[in-house]
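In our numbering, the protein residues as written are 6 to 332.
Even glycine gets a Cβ: it sits at the ideal position worked out from N, Cα and C.
Here's the structure, in structure tokens; my notes come after.
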Ligand SMILES: NC(=O)c1ccc[n+]([C@@H]2O[C@H](COP(=O)([O-])OP(=O)(O)OC[C@H]3O[C@@H](n4cnc5c(N)ncnc54)[C@H](OP(=O)(O)O)[C@@H]3O)[C@@H](O)[C@H]2O)c1
């Protein structure tokens, strides 16, 4: 298949590109700064020659959006909103204008669309959307607004020959450098991977290989459209999640952090505590109902697998950098 991936140069795009290319598909990435032959220039907001790549393609997977790993200043929040809404709109325009439109448009969304809650998990049918929860910072509602505006842009696109799916994804855990798993593992290895603010908040996650399998499943299943949660069925409270990660690496200690320590840490890392403190208790209702099975459904096994791959990667790099023996 010919698969077009706007915004495919980031963490999730790297995971998808690697696996889909290995499976024999022809993947073309749209980037504002193309660096490889398989990358085509676009600006993420206006139609241009790039739209020809979409015409005649089989699948579009739009991942574009300003990173959420930043300080939530007014300017950054606006950039997060604009980059998502504009890119989804213009992808829709390109599909609508295509003589041979793709059969499926998978649009990235986020599990953050659901409410901060502890009492019950959110699936697509019974889940509670966020934005009105009491006792959380007002600006958390804006992340929900971004997610809703993003999905709305896909819904309103006039693309009658293209099935549309919104991927309400949890954090994608892959061993790649710079990804979310890398950051959490680094904290755990430094002995800093203890509970934050009590650690009762849930962490929803999905193993990278299950993420790719779920994407392939959604491409194949012509009966599935609309929002779909991409999250392992076993979200865990932050406290347990980090303890399990420490155990997988073999690090006995994990210093706990209070809310204000997390604020300081997030400030130092130019990030935001919403990413740590919001309870994202999300489960894959529609995927399970449709018969999808997870290879990595529970965190203890998934964490072991990911740690093993990180260690294998380090060992392989160490072998490569060893000076060769004199002849
Ligand atoms: N990572 C996760 O676990 C996760 C979970 C749920 C949802 N998501 C969402 O899924 C999407 C992809 O995630 P990711 O982790 O791969 O993100 P990422 O690493 O930040 O990559 C996103 C890509 O979007 C492009 N981009 C950035 N700013 C843009 C702008 N202003 N206009 C157009 N394109 C822009 C960039 O590509 P170029 O610089 O090459 O143009 C970048 O490589 C994001 O929207 C993210 O919010 C991610």
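Same chain, Cβ closer than 8 Å to residue i, five either side skipped, listed in chain order
i	result
residue 242	204, 205, 206, 207, 208
residue 257	251
residue 43	32, 33, 34
Classification of residue i by the beta-carbon crowding that lies within 10 angstroms, buried from 16 upward
i	result
residue 34	buried
residue 162	buried
residue 307	buried
residue 38	exposed
residue 275	exposed
residue 47	buried
residue 117	buried
residue 140	exposed
residue 166	exposed
residue 323	exposed
residue 16	buried
residue 134	exposed
residue 77	buried
residue 122	buried
Backbone secondary structure at residue i - three-state DSSP
i	result
residue 258	coil
residue 47	coil
residue 283	coil
residue 16	helix
residue 288	coil
residue 174	strand
residue 55	coil
residue 35	strand
residue 23	helix
residue 243	helix
residue 4	This structure cannot settle anything about residue 4, because the visible part of the chain is limited to 6 through 332.
residue 41	coil
residue 206	coil
residue 127	strand
residue 269	helix
residue 81	helix
residue 105	coil
residue 226	coil
residue 10	strand
residue 134	strand
residue 197	coil
residue 231	strand
residue 74	coil
residue 89	helix
Chain D within 8 Å of residue i, Cβ atoms only
i	result
residue 28	Among the protein chains of the structure shown there is no chain D, as only one such chain exists.
Straight-line Cα distance separating residue j from residue i
i	j	result
residue 267	residue 290	32 Å
residue 26	residue 295	26 Å
residue 312	residue 190	8 Å
residue 91	residue 50	5 Å
residue 197	residue 259	5 Å
residue 80	residue 111	28 Å
residue 7	residue 315	31 Å
residue 169	residue 64	10 Å
residue 149	residue 124	19 Å
residue 210	residue 284	12 Å
residue 273	residue 75	11 Å
residue 219	residue 32	17 Å
residue 4	residue 320	An answer regarding residue 4 cannot be provided, because it is not within the stretch 6 to 332 covered by the chain.
residue 61	residue 102	11 Å
residue 71	residue 253	32 Å
residue 29	residue 21	12 Å
residue 299	residue 214	9 Å
residue 108	residue 225	10 Å
residue 293	residue 129	11 Å
residue 184	residue 277	16 Å
residue 282	residue 317	31 Å
residue 373	residue 325	With the chain covering 6 to 332 only, the question about residue 373 has no answer from this structure.
residue 24	residue 14	14 Å
residue 202	residue 264	5 Å
residue 271	residue 280	9 Å
residue 151	residue 328	50 Å
Spatial neighbours of residue i in its chain, beta-carbon cut-off 6 Å, leaving aside the 5 residues before and after
i	result
residue 126	286, 288
residue 158	90, 93, 94
residue 66	10, 111
Other residues of its chain near residue i: CB distance less than 7 Å, five sequence neighbours each side excluded
i	result
residue 200	243, 244, 247, 261
residue 99	52, 56, 59
residue 186	178, 179, 180, 311
residue 69	11, 12, 49, 88, 92
residue 147	82
residue 104	60
residue 223	111, 170, 229, 233
residue 153	118
residue 106	100, 164, 166, 167
residue 19	181
residue 302	237, 238, 239
residue 84	71
Practice task
Could you say if the stretch 226-236 and the stretch 161-176 meet the contact criterion of at least three C-beta pairs nearer than 8 Å?
Solution key: Yes, the stretch 226-236 is in contact with the stretch 161-176.
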